[in-house]
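These notes are about the structure you will find just below.
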Amino acid sequence: MREVSLKRKRVKAYVNALSELILMDNPTREAAVNVLKNALESAGLEPFRGVSKPPDIYEKEMISLYVIGTRGLGIHEEYSDKFSKIFYIEKMYDDLLKVVESENTNSLRDSFKQVLGRDVSDYDIARLLRLAITLYYLDFVDFNYVVMVLKKVVNAFPEHTDTIRRFIKFFIAIKISSDIASGLIKNKMKKDITKQLISLDIGVPKAVPSDRYIQEIAKILFNIPKEVISKILK
212 MREVSLKRKR VKAYVNALSE LILMDNPTRE AAVNVLKNAL ESAGLEPFRG
262 VSKPPDIYEK EMISLYVIGT RGLGIHEEYS DKFSKIFYIE KMYDDLLKVV
312 ESENTNSLRD SFKQVLGRDV SDYDIARLLR LAITLYYLDF VDFNYVVMVL
362 KKVVNAFPEH TDTIRRFIKF FIAIKISSDI ASGLIKNKMK KDITKQLISL
412 DIGVPKAVPS DRYIQEIAKI LFNIPKEVIS KILK
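Here the sequence shown is numbered in the working numbering, starting from 212 and rising by one per residue.
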């Protein structure tokens, strides 16, 4: 399956980057971003992203490296000094994600402020949701987990709905692309029903990704040929 082989190739690039960082005597975050960029480019891979490719995408992509280091390899404890020096930003959003997991919606705002030491920003919401969706893409959490996170966050922080909506579209596009790659979605009707049902379940209006957007995600993250996905999206 293209989905599995591309994901395996991506994980291997992350592992290679982590191995290089662990061997450094004094790794910095800046060095880690460059190592990650080189590892992905050497493997011919795009960073984990949506349709746009912002200038700081590899800095954001540090979340993927953090996920593999903590959930995949479990090396964050053995190399705690290096991890805390490199991944201090990701650790903070991981702490926020644990708050989402354990607390009810009404207490999230105060608890987030306690962790961050300030009010929550769009940047914080984006980093948090990127972490949750990365965990899903790399198979460390299931679909329902991300739905739970999205619902809690949008209910706790309605003023950030526009940012949350962007990530809902990204999440739905990943789910649809994955289902196409695995053969669960084989026609346009099934695709349309699936994306509408997910959007309705989460409960945020205008959060359904366009077919063109899904096609881009299918190519970037799942390597589904344009001619294959066009038959389903047409």
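The beta carbon of each residue, even a glycine, is placed where N, CA and C say it ideally should be.
Other residues of its chain near residue i: CB distance less than 8 Å, five sequence neighbours each side excluded
i      : result
Ile344 : Val357, Phe378, Phe381, Phe382 and Ile385
Ser410 : Ile379, Ile383, Ala418 and Val419
Ser291 : none
Leu229 : Leu276, Ile279, Gly280, Leu284 and Ile286
Arg320 : Val331, Ala367 and Phe368
Buried or exposed (CB count within 10 angstroms, at least 16 for buried), residue i
i      : result
Pro238 : buried
Tyr304 : buried
Arg423 : exposed
Glu301 : buried
Lys399 : exposed
Arg221 : buried
Leu408 : exposed
Where residue i falls: helix, strand or coil (DSSP)
i      : result
Gly280 : helix
Val226 : helix
Ala254 : coil
Ala367 : helix
Phe323 : helix
Met273 : helix
Asn262 : First, the residue type needs correcting, since residue 262 is Val and not Asn in the sequence shown. Val262: coil per DSSP, three-state reduction.
Asn237 : coil
Ala337 : helix
Leu232 : helix
Ile344 : helix
Ile268 : helix
Ala243 : helix
Val419 : coil
Leu361 : helix
Proximal residues to residue i (C-beta, below 7 Å), its chain only, five neighbours per side dropped
i      : result
Ile435 : Arg213, Ser388, Ile391, Ala392 and Ala429
Glu272 : Leu247, Pro258 and Phe259
Ile440 : Ile391, Gln426 and Ala429
Thr316 : Lys363, Asn366 and Ala367
Val310 : Leu319, Ser322, Phe323 and Val326
Glu314 : Ser322
Arg338 : Tyr304
Extent of the continuous alpha helix (DSSP H) run through residue i
i      : result
Ala392 : Thr372 to Ser393
Asp306 : Tyr299 to Ser313
Ile443 : Lys437 to Leu444
Glu289 : Element bounds for Glu289: n/a, residue is neither H nor E.
Lys402 : Lys399 to Ile413
Asp353 : No alpha helix (DSSP H) contains Asp353, which DSSP labels as neither H nor E.
Thr316 : Note, Thr316: premise wrong, no alpha helix (DSSP H); not H, not E.
Arg329 : Looking at the DSSP string, Arg329 is not in any alpha helix (DSSP H), and its letter there is neither H nor E.
Asp422 : Asp422 to Phe433
Beta-carbon contacts of residue i that lie in its chain and below 6 Å, excluding the five residues immediately before and after
i      : result
Leu340 : Phe378
Lys406 : Ile383, Ile387 and Val419
Ile268 : Pro258 and Arg260
Ile274 : Glu301, Arg341, Leu342 and Thr345
Tyr347 : Val357
Asn227 : Ala250
Cβ-heavy atom distance, residue i to the ligand COA, below 7 Å
i      : result
Arg377 : Judged by which ligands are present, the structure shown has none, so any question about the ligand COA falls away.
Count the C-beta pairs between the region 288 to 302 and the region 237 to 251 that are closer than 8 Å, then say yes if the count reaches three, no if not.
Enough Cβ pairs lie closer than 8 Å, so yes.
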